[in-house]
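Quick note on numbering: the sequence shown equals residues 9 to 233 in this note's numbering. Glycine is no exception: its CB is placed at the ideal position from the N, C-alpha and C atoms. Worksheet: the structure to be examined is printed underneath.
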Amino acid sequence: RRISEISGGEKQRVALARALAKEPKLLLLDEPLSALDPQLRERLQMEIRRIQRKVGITTIYVTHSQDEAFAISDRVAILEDGVVVQTGVPEELYDAPKTEFVARFLGSGNVFRGRVTSSGRGVSVVNVHGHDFRLDRDIKEGDEVRFSLKPEDVTVMIGSQDGSIDAKLLGITPQVGSYRVALSTNGSKIIAVTNDEELIKELRNALNGQVSFSFRSRDVVILDG
9 RRISEISGGE KQRVALARAL AKEPKLLLLD EPLSALDPQL RERLQMEIRR
59 IQRKVGITTI YVTHSQDEAF AISDRVAILE DGVVVQTGVP EELYDAPKTE
109 FVARFLGSGN VFRGRVTSSG RGVSVVNVHG HDFRLDRDIK EGDEVRFSLK
159 PEDVTVMIGS QDGSIDAKLL GITPQVGSYR VALSTNGSKI IAVTNDEELI
209 KELRNALNGQ VSFSFRSRDV VILDG
């Protein structure tokens, strides 16, 4: 067939085969799947990963997609303005981002800035827009601190409960296998992820109403800067 007659996925396979035929010591793939539809892109991610492992060539894979980077890579390097800001295995980066940029790039919309109002015995209280957050570490009183919280570590509840923080329910978005719940409290937007169908039914009856959320102090990640 003519080049003009083959599909986008086939073109990418041909380009990869031509690159591998030269038996390079280092292979650079610069956003090779960006022009493909999601389903085909996911299939080719698996194929590239399989081929790369089979031939054993060190590969640098450039992408702006967190999902793509995590699906293909053994190790990930995240760049901000052309500078590497953090490297590590995918799980390490997701669980412990070092900066606000990394946290947001990896999908955590829950980044907070506040000031330490008290500290001692391994616990610090940080005030964020009038709410006190307890963090399990000593931070100097008066210091400004930034921290992140993964959406799946946020627990949403109907109404106000002891130890929870009151919030307004903004919306619910279905995802594959879960739901994304958007909350607002004193100007801070909170994102939670849950697969609790019963909770979602209750929340849908409380849209724009009063709910609350909580989290474990050990799930908080203190950010640099």
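Residue pairing from DSSP places Val-219 in a beta bridge opposite Ile-166 and Ala-175. Here Glu-88 is bridged, per DSSP, to Val-91. Assigned with DSSP and collapsed to three states, Leu-37 falls in strand. Assigned with DSSP and collapsed to three states, Pro-46 falls in helix. Residue pairing by DSSP places Ala-200 opposite Val-189 in a beta bridge.
Contact check for Thr-107 against Val-93 passes: the beta carbons are separated by less than 7 Å. By the neighbour-count criterion, in which a residue is buried when 16 or more other Cβ atoms sit within 10 angstroms of its Cβ, Ser-42 is exposed. Taking C-beta atoms as the reference points, Ser-220 and Arg-142 fail to come closer than 7 Å.
Selection Arg-123, Arg-21 and Tyr-69 evaluated against His-139 yields Arg-123 as nearest (Cα-Cα). DSSP places Asp-151 in the coil class of the three-state scheme, outside both helix and strand. Secondary structure note for Asp-75: its alpha helix (DSSP H) is the uninterrupted segment 74-80. Around the beta carbon of Lys-158, 16 or more other beta carbons lie within 10 angstroms, which makes this residue buried.
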